[in-house]
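Just so you know, the sequence shown maps onto residues 1 to 259 in the numbering used here.
In this text, a Cβ means the ideal position worked out from N, Cα and C, and glycines have one as well.
The model shown is predicted, which means the values in this text are computed figures rather than measured ones.
Report on one structure; see the data block that follows.
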Amino acid sequence: MDLGIKGKRAIVCASSKGLGRGCAEALAGAGCDLVLNARGSEALEQTGKEIREKFGVEVVTVAADITTEEGRAAVLEAAGDIDILVNNAGGPPPGMWSDWDREDFIKALDANMLAPIAMMKALLPKMIDNGWGRVVNITSQSVKSPIGVLGLSNSARAGLTGYVAGTSRQVAGSGVNINNLLPGIHATDRAVSLDTGAAAAQGISIDEMKEQRSKTIPSGRYGTAAEFGATCAFLCSQHAAFIVGQNILHDGGAVNATL
Ligand code: NAP
Numbered sequence: 001m002d003l004g005i006k007g008k009r010a011i012v013c014a015s016s017k018g019l020g021r022g023c024a025e026a027l028a029g030a031g032c033d034l035v036l037n038a039r040g041s042e043a044l045e046q047t048g049k050e051i052r053e054k055f056g057v058e059v060v061t062v063a064a065d066i067t068t069e070e071g072r073a074a075v076l077e078a079a080g081d082i083d084i085l086v087n088n089a090g091g092p093p094p095g096m097w098s099d100w101d102r103e104d105f106i107k108a109l110d111a112n113m114l115a116p117i118a119m120m121k122a123l124l125p126k127m128i129d130n131g132w133g134r135v136v137n138i139t140s141q142s143v144k145s146p147i148g149v150l151g152l153s154n155s156a157r158a159g160l161t162g163y164v165a166g167t168s169r170q171v172a173g174s175g176v177n178i179n180n181l182l183p184g185i186h187a188t189d190r191a192v193s194l195d196t197g198a199a200a201a202q203g204i205s206i207d208e209m210k211e212q213r214s215k216t217i218p219s220g221r222y223g224t225a226a227e228f229g230a231t232c233a234f235l236c237s238q239h240a241a242f243i244v245g246q247n248i249l250h251d252g253g254a255v256n257a258t259l
């Protein structure tokens with residue numbers, strides 16, 4: 001399917017690996033030029049090179065922490081005129097409700113709520129002027145079904161979800177569509193790191209942990225970054241022009257709910 005976004009310019013935050021990279025590759029496959037970002041430059045440069053070679057699109061890379069004001073300023077300065085924004089950052093660490101103090105919450109809010117809001121605030125005016133724009137925020141299935149040990153993530157992402165619910169409806173009339181894409185368990189470094197901690201806590205191997213978690217997913221397996229990216233690219237396409245303020249689960253059926 002032609003997504004109708006060839007030649008559009010997209011920022012994909014936190015995209016040297018994992019789900020962000022999956023989104024970047026799918027957008028490049030649809031003919032978008034890209035601004036990629038991550039903190040570490042080695043994997044970022046490698047990803048940029050591979051995407052340029054595979055898809056023949058323009059790729060600008062900016063090594064910066066997207067959760068900081070300076071990091072966002074660097075990305076925005078390199079970006080130019082942007083049509084598509086994919087917001088993403090690393091997720092907060094797991095723990096217990098009793099572990100977290102004000103500073104832990106501030107950090108989580110900065111990363112998973114205020115950073116994407118700041119990126120939208122910076123880029124929405126131009127999208128509105130152009131009469132076209134797409135924003136996809138990578139959040140989590142934990143927005144729909146809380147994961148106890150990820151209380152920092154549950155809290156920060158719920159805040160972003162509330163912001164998007166209202167803002168998406170304020171800008172939809174200008175041809176700008178904002179939606180959230182909610183990953184369940186996907187085979188990325190983040191999943192390996194969470195599995196490693198959970199396996200150690202239960203005294204089992206990582207493979208056993210993975211098998212245990214796969215059984216909780218009706219699809220019987222972890223998702224892939226490529227599948228996630230394809231869904232993101234569709235939400236950024238011309239065909240998604242009537243999808244506004246939605247929270248789309250990409251979880252293999254893991255969240256057990258009728259709606
Ligand atoms: P990942 O495999 O660990 O990849 C994270 C990517 O983001 C890397 O490229 C990393 O590069 C970059 N990054 C992290 N923090 C950054 C920052 N502050 N500024 C700029 N770049 C940053 O993670 P993932 O699995 O793709 O997860 C992406 C998001 O989805 C996370 O918020 C995660 O919590 C959420 N999520 C994931 C799953 C899952 O199963 N994978 C499920 C639910 C929710 P650098 O380290 O070099 O910066």
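Quick check on this structure: which residue in the options has the alpha carbon closest to the alpha carbon of residue i?
{"i": "ILE138", "options": "GLU58, TRP97, THR231 and VAL60", "result": "THR231"}
{"i": "LYS126", "options": "SER214, GLY91 and GLY175", "result": "GLY175"}
{"i": "VAL136", "options": "PHE228, THR258 and GLY4", "result": "PHE228"}
{"i": "THR196", "options": "ILE185, ALA187, GLY184 and MET209", "result": "MET209"}
{"i": "LEU27", "options": "GLU45, LYS8, GLU42 and VAL171", "result": "LYS8"}
{"i": "CYS23", "options": "VAL192, LYS144, LEU76 and ASN87", "result": "ASN87"}
{"i": "ALA122", "options": "ASN247, LYS215, LEU3 and ALA79", "result": "ALA79"}
{"i": "ILE11", "options": "GLN46, ILE82, ALA63 and VAL57", "result": "ILE82"}
{"i": "VAL192", "options": "ILE178, ASN177, ARG213 and GLY245", "result": "ARG213"}
{"i": "ASP101", "options": "LEU160, GLU70, LEU152 and SER219", "result": "LEU152"}
{"i": "GLY40", "options": "ARG52, VAL57 and GLY71", "result": "GLY71"}
{"i": "ALA158", "options": "LYS6, ILE117, GLU53 and VAL57", "result": "ILE117"}
{"i": "CYS236", "options": "LEU181, GLY203 and ASP99", "result": "LEU181"}
{"i": "VAL255", "options": "TYR222, ILE217, HIS239 and GLY223", "result": "ILE217"}
{"i": "GLU25", "options": "VAL57, GLY148 and ARG134", "result": "VAL57"}
{"i": "VAL164", "options": "GLN238, THR258, GLU69 and ARG134", "result": "ARG134"}
{"i": "ASN130", "options": "ASN177, TRP97 and PHE242", "result": "ASN177"}
Mapping the DSSP letters down to three states, classify residue i as helix, strand or coil.
{"i": "VAL171", "result": "helix"}
{"i": "LEU3", "result": "coil"}
{"i": "ASN247", "result": "strand"}
{"i": "ASN256", "result": "coil"}
{"i": "GLY31", "result": "coil"}
{"i": "ILE217", "result": "coil"}
{"i": "VAL57", "result": "coil"}
{"i": "ARG157", "result": "helix"}
{"i": "ALA230", "result": "helix"}
{"i": "GLY131", "result": "coil"}
{"i": "ILE260", "result": "Nothing about residue 260 can be reported from this structure: the residues present for the chain run from 1 to 259 only."}
{"i": "ILE147", "result": "coil"}
{"i": "ARG21", "result": "helix"}
{"i": "ARG9", "result": "strand"}
{"i": "ALA241", "result": "coil"}
{"i": "GLY40", "result": "coil"}
Taking 7 angstroms as the cut-off, is the beta-carbon of residue i closer than that to any non-hydrogen atom of the ligand MN?
{"i": "ILE185", "result": "Because the ligand MN does not appear in the structure shown, any question about it cannot be addressed here, the ligands present being the ligand NAP."}
What residues in its chain sit with their C-beta under 7 angstroms from that of residue i, if we drop five residues either side in the sequence?
{"i": "ALA89", "result": "CYS13, ALA14, ILE66, THR67, ALA111, ASN112 and ALA115"}
{"i": "LEU19", "result": "ASN88, ILE138, PRO183, HIS186, THR188, ALA225 and PHE228"}
{"i": "TYR222", "result": "ILE185, HIS186, ALA187, ALA191 and SER214"}
Only counting the same chain, and skipping five residues up and downstream in sequence, which positions put a Cβ closer than 8 angstroms to that of residue i?
{"i": "LEU150", "result": "GLY91, PRO92, PRO94, SER140 and SER142"}
{"i": "ALA43", "result": "SER16 and LYS17"}
{"i": "ARG169", "result": "VAL244 and GLY245"}
Counting only the same chain and skipping the five closest in sequence on each side, list residues whose C-beta sits under 6 angstroms from that of residue i.
{"i": "ALA74", "result": "VAL62 and ALA64"}
{"i": "LYS6", "result": "GLY31"}
{"i": "ASN154", "result": "SER142 and PRO146"}
{"i": "LYS144", "result": "VAL255"}
Segment contact, 8 angstroms Cβ cut-off, at least three pairs: the segment 30 to 49 with the segment 243 to 251: Contact fails: fewer than three Cβ-Cβ distances are below 8 angstroms.
3 or more residues per run - each beta strand (DSSP E) lying fully within the segment 63 to 120: 84 to 87
Secondary structure, beta strand (DSSP E): runs of 3+ residues fully inside the segment 176 to 215: 176 to 183
Contact between the segment 101 to 109 and the segment 200 to 207 (3+ Cβ pairs under 8 angstroms): no
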